[in-house]
Amino acid sequence: MKFSIYRYNPDIDKKPYMQDFELTEVEPGMMLLAALLKIKDTMDESLSFRRSCGEGVCGSDGMNINGINGLACITPVASLKQPIEVRPLPGLPVIRDLIIDMDQFYQNYREVKPYLIVNDPMPEVELPQTPQQREKLDGLYECILCACCSTQCPSFWWNPDKYLGPAALLQASRFIEDSRDQATEERLSALEGPFKLFRCHTIMSCVQVCPKGLNPTKAINDIKKMMLKRSL
Amino acid sequence: MSSVYVLHGLKPWLIQRVSAVYIALFVIYCVFALTTAGDTGYLQWREWLFHPLNTIAVGLFIIALLLHAWVGMRDIILDYVHNTLIRMLALNLVIVVLISSGLWSAKILLLSVAI
Chain A
609 MKFSIYRYNP DIDKKPYMQD FELTEVEPGM MLLAALLKIK DTMDESLSFR
659 RSCGEGVCGS DGMNINGING LACITPVASL KQPIEVRPLP GLPVIRDLII
709 DMDQFYQNYR EVKPYLIVND PMPEVELPQT PQQREKLDGL YECILCACCS
759 TQCPSFWWNP DKYLGPAALL QASRFIEDSR DQATEERLSA LEGPFKLFRC
809 HTIMSCVQVC PKGLNPTKAI NDIKKMMLKR SL
Chain B
1087 MSSVYVLHGL KPWLIQRVSA VYIALFVIYC VFALTTAGDT GYLQWREWLF
1137 HPLNTIAVGL FIIALLLHAW VGMRDIILDY VHNTLIRMLA LNLVIVVLIS
1187 SGLWSAKILL LSVAI
């Protein structure tokens, strides 16, 4: 099985380059992460990438696989056209090989204040929700922040410092929709302006690549609808 | 710079959608008017335009088209032009071109129905 992997070590390389590898032993059902680990173990131990849980829960091993962002640990190699081209997630600076600098991504996430804001005195035990109120968070809370969506989004590529990107906006929606949150007005006001939210042109690349099957475009449109209702 | 990004986020987004709906309906109306018209030519066109309903419809279409073009060009410039000075120049150039086109269209429209 043939691989073409993006390599860049800023201490040694002047420019990034693609390195070919050929893996002879491919087990049935093998995931890309397992293949990369095998390449690292048996061929080139300097190959660098992030990984942790290995089962699509932690979101560490987001990478660009044959042009489409995804998690290596839940992508079967058998489903991929050869040579399998593996690159770092696009649009953010590369630290080394498949490892990107995610500072900007986390900064955008922080900007939407991804936590409950409650101004009333906190109840002693809990903030109850009806099942219907809780249902509104389905499809929003499951995000694992792997950055596959934001780094597949051209609007994020062009203005990563101004446009928040689908991942952060999905989280904005998650707290705007939450019945317990009391900062809906402030949250909506903070997203007004030409850049933070409205650089989304609904091309839906985020929906296409989300490894958790979430729909940031719908979340973004729901925020726009809420803004519209509020302004009427 | 806020004045350059005229109208912020939600309003341009709304204008883009509302104008798109009007433009689509107007185009359908035009196709209908053209296919049901007997003779076609300059005089018939002026006669058609002379009807107050059509004068208003065409006038609104011009306004919708200019607004739609403004939001679209603004989006392209905000997406791709990152140098502040060039961005400002480009946005202003678009405004000048669109307003000029609007005035010119208004002149044609008003002169066509003047007599």
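Quick mapping for you: the protein sequence lines, in order, are chains A and B. For what it's worth, the working numbering labels the leading residue of the first sequence as 609, then goes sequentially. For what it's worth, the working numbering labels the leading residue of the second sequence as 1087, then goes sequentially. Glycine included, every Cβ here is placed at the ideal spot set by N, Cα and C. All figures in this text were calculated on a predicted structure; none of them were measured in a lab.
For a contact meaning CB atoms closer than 9 Å, what does residue i contact in chain A?
i	result
Trp1156 (chain B)	Result: empty, since nearest Cβ-Cβ is about 13 Å, beyond 9 Å.
If you measure from the beta carbon of residue i to each beta carbon in chain B, is any gap under 8 Å?
i	result
Gly699 (chain A)	no
Phe783 (chain A)	no
Met812 (chain A)	no
Name the chain B residues that come within less than 8 Å of residue i, Cβ to Cβ?
i	result
Lys832 (chain A)	Leu1096, Trp1099
Run through DSSP, which three-state label would residue i get?
i	result
Phe657 (chain A)	coil
Ile676 (chain A)	strand
Gln779 (chain A)	helix
Gly1188 (chain B)	helix
Arg807 (chain A)	coil
Met812 (chain A)	coil
Met609 (chain A)	coil
Arg742 (chain A)	helix
Pro1138 (chain B)	helix
Asp628 (chain A)	strand
Gly1095 (chain B)	coil
Gly670 (chain A)	strand
Pro722 (chain A)	coil
Pro618 (chain A)	coil
Lys689 (chain A)	coil
For residue i, which residues in chain B fall below 9 Å Cβ to Cβ?
i	result
Ser839 (chain A)	Leu1096, Lys1097, Leu1100
Phe764 (chain A)	Within chain B, no residue comes near Phe764 (chain A); the closest Cβ sits about 11 Å away, beyond 9 Å.
Leu836 (chain A)	Leu1096, Trp1099, Leu1100
Expressed to the nearest angstrom, what Euclidean distance is found between the alpha-carbon atoms of residue i and residue j?
i	j	result
Thr759 (chain A)	Tyr614 (chain A)	16 Å
Ile692 (chain A)	Asn674 (chain A)	6 Å
Val702 (chain A)	Leu1153 (chain B)	41 Å
Tyr1108 (chain B)	Leu1135 (chain B)	18 Å
His1137 (chain B)	Val1199 (chain B)	9 Å
Asp728 (chain A)	Val720 (chain A)	21 Å
Gln816 (chain A)	Trp766 (chain A)	19 Å
Asp621 (chain A)	Ala780 (chain A)	39 Å
Trp1099 (chain B)	Arg704 (chain A)	39 Å
Lys837 (chain A)	Val634 (chain A)	55 Å
Ala1176 (chain B)	Ala1155 (chain B)	14 Å
Glu750 (chain A)	His1168 (chain B)	34 Å
Gly1158 (chain B)	Phe764 (chain A)	18 Å
Lys744 (chain A)	Phe783 (chain A)	10 Å
Asn774 (chain A)	Leu805 (chain A)	In the sequence on display, residue 774 (chain A) carries Pro and not Asn. Each residue's alpha carbon lies about 9 Å from the other.
Leu655 (chain A)	Val665 (chain A)	23 Å
Tyr1115 (chain B)	Ile725 (chain A)	51 Å
Thr683 (chain A)	Leu1139 (chain B)	60 Å
Met834 (chain A)	Leu753 (chain A)	24 Å
At a cut-off of 7 Å, would you count residue i as near the ligand NAD, judging by its Cβ distance to the nearest heavy atom?
i	result
Asn829 (chain A)	Ligands displayed in this structure: none; no statement on the ligand NAD is therefore possible.
Does residue i come within less than 8 Å of chain A when only Cβ atoms are used?
i	result
Leu1196 (chain B)	no
Check: Along the stretch 1089–1116 of chain B, what residues have a CB closer than 8 Å to any CB found in chain E?
Finding: No chain E is part of this structure, whose protein chains are labelled A and B.
Note to self: So if I threshold CB-CB distances at 9 Å, which residues from the stretch 1160–1190 of chain B count as touching chain A?
What the structure shows: Arg1160, Asp1161, Leu1164, Asp1165, Tyr1166, His1168
Next item on the list: Compile a chain-ordered list of the residues in the stretch 796–808 of chain A whose CB is closer than 9 Å to at least one CB of chain B.
Entry: Leu799, Glu800, Gly801, Pro802, Phe803, Lys804, Leu805, Phe806, Arg807
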